[in-house]
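The opening position of the sequence shown corresponds to residue 7 in my numbering, with each subsequent residue numbered one higher. Everything on this sheet refers to the single structure shown next.
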Amino acid sequence: QVQLVESGGGLVQAGESLRLSCAASGSIFSIAVMAWYRQAPGKERELVAAITNGGTTNYADSVKGRFTISRDNAKNTVYLQMNSLKPEDTAVYYCNVRALSYVYWGQGTQVTVSS
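This is how it looks when you write it as structure tokens:
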């Protein structure tokens, strides 16, 4: 059984920073891509950032220059450093891991940015 445990969400003011973490545990092998998605109320879930096991990254245009994704392969953990947060970044953030033919999701962590 695979578990993704997320942490780091919370309530901050615009311009502040947060760091999200997601640790994968259990019988998970050959993790290829680790990513963060988010879903705001009334909107579809969208990709925020992704990183391959080789370190190649991809970002949504809306977060480029403000967010940084990184991973620790030895710990099966992915991080999302979020700087200069804006109210429009408010959403539930979900960790996503792709390993072999499987896709796993975390339970989500709320990020709220007040103006």
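Ideal Cβ positions, reconstructed from N, Cα and C, are used throughout, including at glycine. All figures in this text were calculated on a predicted structure; none of them were measured in a lab.
- In this structure, G14 sits near T115, with a CB-CB distance shorter than 8 Å.
- Around I34, the same chain offers V8 and A105 as residues with beta carbons nearer than 6 Å, after the five sequence neighbours per side are excluded.
- Nearest neighbour of L24 by Cα position, chosen from S90, N59 and K49, turns out to be S90.
- When only Cα atoms are considered, K81 and G71 end up about 26 Å apart.
- DSSP places N79 within a helical segment (H, G or I) once states are collapsed to three.
- Counted as a single uninterrupted DSSP element, the stretch harbouring I34 is not any beta strand (DSSP E), since DSSP gives it neither H nor E.
- Between the alpha carbons of W111 and A38 lies a distance of about 14 Å.
- Secondary structure at E52: strand, using DSSP grouped into helix, strand and coil.
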